[in-house]
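The opening residue of the sequence shown carries number 1 in full-length UniProt numbering; numbering runs sequentially from there.
Built from N, CA and C at the ideal position, the CB exists for glycine as well.
Please read all numbers here as calculations on a predicted model, not as lab measurements.
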Amino acid sequence: MAVSVTCDDCELLFTSDDYSVHVYRDGRWWLIDTANDRRQRSRGVAKFSTFNLAEKYLIVRWISTACPRLASRALGAGLCKMGFSSEVTVAPTENQ
Numbered sequence: 001m002a003v004s005v006t007c008d009d010c011e012l013l014f015t016s017d018d019y020s021v022h023v024y025r026d027g028r029w030w031l032i033d034t035a036n037d038r039r040q041r042s043r044g045v046a047k048f049s050t051f052n053l054a055e056k057y058l059i060v061r062w063i064s065t066a067c068p069r070l071a072s073r074a075l076g077a078g079l080c081k082m083g084f085s086s087e088v089t090v091a092p093t094e095n096q
C-alpha cells in the first residue's frame, strides 16, 4: 500500500497492486473514486460533506475487506438496522 498527495487529479491517492482509491474535492463535496487492477476507474462511488466522513468511510471499507468476518458481525447487519442518523443528508452519487 502506498499513499500519495501528488496525484494529478486528486488530493489523496491510496494504491496497491490491485486497487486504488482517489480522494478529491468537488466544490463542497469530498468524492471517492476507485480503480481496479486494470485501471478501470469508477467515479463518484462515495460523496461526503467533510473529509472526516470520507476518512471514516474508507476505514470501514478497509476493515470489511481485511476482516470480512469482523465487519459482517460488528459493522454489518446491526449497523444497517440502525439506519441513517437524522443529522445525515443522503445525496446520490454518480453511480447510484
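Below 8 Å between beta carbons: does that hold for residue i and residue j?
i      : j      : result
Asp-17 : Asp-33 : no
Thr-93 : Lys-56 : no
Trp-62 : Ser-49 : no
Ala-54 : Val-23 : yes
Leu-58 : Val-90 : no
Could you give the DSSP three-state label for residue i: helix, strand or coil?
i      : result
Arg-61 : helix
Ala-91 : coil
Comparing C-alpha positions only, which one of the options sits nearest to residue i?
i      : options                          : result
Arg-39 : Thr-89, Thr-15 and Ser-86        : Thr-15
Ala-35 : Asn-52, Cys-10 and Gly-27        : Cys-10
Gly-44 : Lys-81, Ser-85, Asp-26 and Thr-6 : Asp-26
Let me check one thing: in DSSP terms, what residues is residue i bridge-paired to?
i      : result
Phe-48 : Trp-30
Ser-42 : Thr-34
Val-21 : Phe-14 and Thr-34
Val-3  : Phe-14
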